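The numbering of the sequence shown is full-length UniProt numbering, which starts it at 1 and goes up by one.
Even glycine gets a Cβ: it sits at the ideal position worked out from N, Cα and C.
Predicted, not measured: the structure shown is a model, and the values here were computed from it.
For reference, the structure discussed in these notes is given below.
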Amino acid sequence: MKKCFLYLLMVGGLGACIQSEPLNAEADITACKILNAKGSPETNIKGNIIINNAQVLAQANPSIDLTKLALEVTLTEGANISPDPARVMDYSHPQKFTVTSEDGNWHKEYSVIIDTFDLPLRYDFEHYELNETGKYQVFFEETQGTALFKQYIWASGNSGFALTGVGRNPQEYPTVSIENGIDGSRAIKLETKSTGQFGETVKMPIAAGNLFLGSFDVNNAVQKPLKATRFGLPFGKKPLQLKGYYKYTPGTQPFKAKDKNGNTVTIPGQEDEGDIYAVLYEAAELDGKALDGNNVLTSENIVALARVEVEKKDEFTAFHVDFHYGSRIPIDWPKFIQDQRDPSDDGTAPYLSFSEEKMKNYEYNLAVVFTSSKYGAYFAGSVGSTLCIDKVEIVCEK
Numbered sequence: 001m002k003k004c005f006l007y008l009l010m011v012g013g014l015g016a017c018i019q020s021e022p023l024n025a026e027a028d029i030t031a032c033k034i035l036n037a038k039g040s041p042e043t044n045i046k047g048n049i050i051i052n053n054a055q056v057l058a059q060a061n062p063s064i065d066l067t068k069l070a071l072e073v074t075l076t077e078g079a080n081i082s083p084d085p086a087r088v089m090d091y092s093h094p095q096k097f098t099v100t101s102e103d104g105n106w107h108k109e110y111s112v113i114i115d116t117f118d119l120p121l122r123y124d125f126e127h128y129e130l131n132e133t134g135k136y137q138v139f140f141e142e143t144q145g146t147a148l149f150k151q152y153i154w155a156s157g158n159s160g161f162a163l164t165g166v167g168r169n170p171q172e173y174p175t176v177s178i179e180n181g182i183d184g185s186r187a188i189k190l191e192t193k194s195t196g197q198f199g200e201t202v203k204m205p206i207a208a209g210n211l212f213l214g215s216f217d218v219n220n221a222v223q224k225p226l227k228a229t230r231f232g233l234p235f236g237k238k239p240l241q242l243k244g245y246y247k248y249t250p251g252t253q254p255f256k257a258k259d260k261n262g263n264t265v266t267i268p269g270q271e272d273e274g275d276i277y278a279v280l281y282e283a284a285e286l287d288g289k290a291l292d293g294n295n296v297l298t299s300e301n302i303v304a305l306a307r308v309e310v311e312k313k314d315e316f317t318a319f320h321v322d323f324h325y326g327s328r329i330p331i332d333w334p335k336f337i338q339d340q341r342d343p344s345d346d347g348t349a350p351y352l353s354f355s356e357e358k359m360k361n362y363e364y365n366l367a368v369v370f371t372s373s374k375y376g377a378y379f380a381g382s383v384g385s386t387l388c389i390d391k392v393e394i395v396c397e398k
């Protein structure tokens, strides 16, 4: 009898050890390809497909037949999608899909928009909303293509900051919409924040406020943070000048950075700086990959760069800077950044020559970037540094 009882205990214990893992609660589209009616990749899609805030957004050449397209999507593990995206459908208007998590408890509706729009050239930063969890703000443009729709072309690191648990409400995140912009309109405030205990643990002590054309991959935010920022979107014009308004106040707290071993250190006497720049680069040779935090200023694929010397300004101040073509503008990395960089990311050749043909074929991407801490991508800066921006414009050749 004792042996039988012991056997039952062992079997029961073993069963407890091999219980199945809980089913996945995520319901996301993580990747998407546009296919033609024959099931082959559609060649009229321009650049990267953006997946932001329950929207899949693709730019297309005017010659595309929007009425006969299909999708090939990648979902989070175990999730399913309805209706079947592989079915040929009419995308001359947005199509909606519902993704259901593996455990069946979570649903997320995506709008898939494929349109022949170009990037807008003026940015007033009037439009924002909360993300699907209600934790932080996301920013968009309203664009008239074949229909009026929200164009989620702006990305920020807000979703990465959400991992820290520090932001108790949307206004405490690094990138937020504010009132009292130019002419009483709204503007964007970027503020460098402490990442709290989480940041100290993962050796990422600060989070700079940032906003940029492109997308942010939150899955890389901790393991490969420089890869998380995917800068740039397809652009079919020749940019000549970057202009707008800003005000900037450096933080008063000690300037923090990381040493070559990844440990957080204080840099005595170092004052924080903001950064505003735009990069035109050739995307075709990158196999659809965008430039990231490692190489956006140094890549051999750069065609032109416009960069603003951000100074301390208490009131909104106009800026305008030309796009520089031809000889490469050297990037003078401070010592506390040199220790973290791979020299192979630093190009030395002149910028690539501008090509009218490549421009017309949308083989170039344009990145416009704003940050409250110039070296924030390397987790270097002062908590409290604040950059506000408004009424930004890209002036292009007619």
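Review point. Nearest-angstrom Cα distance between Lys189 and Asp275?
Key: 13 Å
Exercise for review: Please specify which runs of the beta strand (DSSP E), each continuous and at least 3 residues long, are wholly inside the region 182 to 213, giving them in chain order.
Suggested key: 187 to 191
Point to revise | Classification of Gln197 by the beta-carbon crowding that lies within 10 angstroms, buried from 16 upward | key: exposed
Check your understanding: How long is the line joining the alpha carbons of Ile81 and Trp154, rounded to whole angstroms?
Key -> 26 Å
Exercise for review: Report the rounded CA-to-CA distance for Ile49 versus Pro268, giving the unit in angstroms.
Suggested key: 43 Å
Review point. Going straight from the alpha carbon of Cys17 to that of Ser101, what length do you get?
Key: In this predicted model, Cys17 has a pLDDT of only 46, less than 50, meaning its place in the structure is not dependable; the value taken from the coordinates is given anyway. If I take the Cα positions, the gap works out to 25 Å.
Check your understanding: For Ile29, which beta-bridge partners are listed by DSSP?
Key -> Leu75
Practice item. Return the bridge partner residues of Pro234 from the DSSP annotation. Key: Asn365
Exercise for review: Pull up the DSSP beta-bridge partners for Trp154, would you.
Suggested key: Leu213
Point to revise | Residue from Thr98, His93, Thr264 with nearest C-alpha to Lys150 | key: His93
Check your understanding: Between Phe379 and Lys238, what straight-line distance do the alpha-carbon atoms span, to the nearest angstrom?
Key -> 33 Å
Review point. If you follow the alpha helix (DSSP H) that Leu226 is part of, which residue opens it and which one closes it?
Key: 225 to 228
Practice item. Please name the residue, chosen from Thr229, Ala221, Glu315, that lies closest to Ser215 on a Cα-to-Cα basis. Key: Thr229
Practice item. Please go through the same chain and pick out, in chain order, the residues whose beta-carbon is closer than 8 Å to the beta-carbon of residue 399, but skip the five residues on each side of it. Key: Because the chain is modelled from 1 through 398, residue 399 falls outside the range shown and cannot be assessed.
Check your understanding: Among Asn180, Gln95, Ala187, which has the Cα closest to the Cα of Phe140?
Key -> Ala187
Practice item. Indicate the three-state DSSP secondary structure (helix, strand or coil) for Glu102 in the structure shown. Key: coil
Check your understanding: At which residues does the alpha helix (DSSP H) containing Gln340 begin and terminate?
Key -> Note, Gln340: premise wrong, no alpha helix (DSSP H); not H, not E.
Exercise for review: Examine chain C for any beta-carbon lying closer than 8 Å to the beta-carbon of Pro120, and answer yes or no.
Suggested key: Absent from the structure: chain C. Only one protein chain is present.
Practice item. State the beta-bridge partners of Arg328 as determined by DSSP. Key: According to DSSP, which records beta bridges pairwise, Arg328 is partnered with nothing at all.
Practice item. Would you identify the three-state DSSP class for Thr133, choosing helix, strand or coil? Key: coil
Practice item. Drop a sphere of 10 angstroms on the beta-carbon of Ala283, count the other beta-carbons inside from all chains shown, and report buried for 16 or more, exposed for fewer. Key: buried
Check your understanding: Between residue 456 and the rest of its own chain, which residues show a CB-CB distance below 8 Å, the 5 nearest in sequence each way excluded?
Key -> Residue 456 falls outside the range modelled here, since the chain spans only 1 to 398, and no answer is possible.
**Study point:** Which listed residue (Gly251, Leu69, Pro330, Glu285) has its alpha carbon closest to that of Ser372
**Key:** Gly251
Exercise for review: For Leu213, count neighbouring C-beta atoms within 10 Å of its own C-beta (all shown protein chains included) and say buried if the count is 16 or more, exposed if not.
Suggested key: buried
Exercise for review: Buried or exposed for Gly232, please, with buried defined as at least 16 other CB atoms from any protein chain shown within 10 angstroms of its CB.
Suggested key: buried
Review point. Which term fits Asp115, buried or exposed, when burial requires 16 or more other beta carbons within 10 angstroms of its beta carbon?
Key: buried
Point to revise | Reduced DSSP category for Glu111 - H, G, I as helix; E, B as strand; rest coil | key: Looking at the sequence provided, one finds Ser at residue 111 rather than Glu. Looking at Ser111 - three-state DSSP - the assignment turns out to be strand.
Check your understanding: To the nearest angstrom, how far is it from the Cα of Ala290 to the Cα of Asn105?
Key -> 34 Å
Exercise for review: Measure how close the beta-carbons of Ser156 and Thr175 come, nearest whole angstrom, since I'm counting them as under 8 Å.
Suggested key: 4 Å
Exercise for review: List the DSSP bridge partners of Tyr245.
Suggested key: Ala318, Asp390
Exercise for review: Assuming Asp103 and Ala221 form a contact by the criterion Cβ under 8 Å, report the distance between their Cβ atoms to the nearest whole angstrom.
Suggested key: In fact, because the Cβ distance is near 24 Å, the residues do not count as touching under 8 Å.
Check your understanding: In whole angstroms, what is the alpha-carbon distance linking Lys135 and Thr195?
Key -> 16 Å
Review point. For Gln55, which residues does DSSP report across the bridge?
Key: Asn52, Ser111
Practice item. Determine the direct distance from the alpha carbon of Cys388 to that of Ile394, and round the result to whole angstroms. Key: 18 Å
Review point. Do you know whose CA, among Asp90, Val73, Glu200, Lys193, lies nearest Gly209's CA?
Key: Lys193
Practice item. Kindly give me the distance between the Cβ atoms of Ala278 and Ala318, rounded to whole angstroms, as I take these residues to be in contact under 8 Å. Key: Not a contact, Cβ separation roughly 16 Å.
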